[in-house]
Amino acid sequence: MDINMWKAITGFIASLTILSLSEWLTVIIAVKILGISMDMIFSNSLYYTLFGIPSLLALYLLAFLKFRYNLKKDFYKRAG
């Protein structure tokens, strides 16, 4: 399987952007809705790690859905 350098770079930038946006959204939810202070999140490494897990799960979910979409697209392309 050949990996195109351009696709690898754009995929890295896209995943970094998605992860940054989901981290930002998680912090906004924690601060505004749950009322947790930013100092408490960033002072304790356990809290910081726990608040990062939803962002990673969102990134993994998006990657999985894209993978599934590409598999279905390739399947229908071969079948049709």
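So the sequence shown is numbered by the working numbering: it starts at 640 and just counts up by one.
Glycine included, each C-beta is placed from N, C-alpha and C at the ideal position.
Subject >> Residue range of the unbroken alpha helix (DSSP H) whose run includes residue 661 >> reply: 644-667
Original post:
Between 694, 649, 646 and 706, which lies nearest to residue 666 when the distance is taken from Cα to Cα?
Top reply: 694
Subject >> DSSP-derived helix/strand/coil call for residue 691 >> reply: helix
**OP:** Would you kindly check if the distance between the Cβ of residue 654 and the Cβ of residue 702 is under 9 angstroms?
**Re:** yes
**OP:** Compare the beta carbon distance of residue 661 and residue 670 with 9 angstroms and say whether it is the shorter of the two.
**Re:** no
Subject >> Three-state class that DSSP yields for residue 676 in the structure shown >> reply: coil
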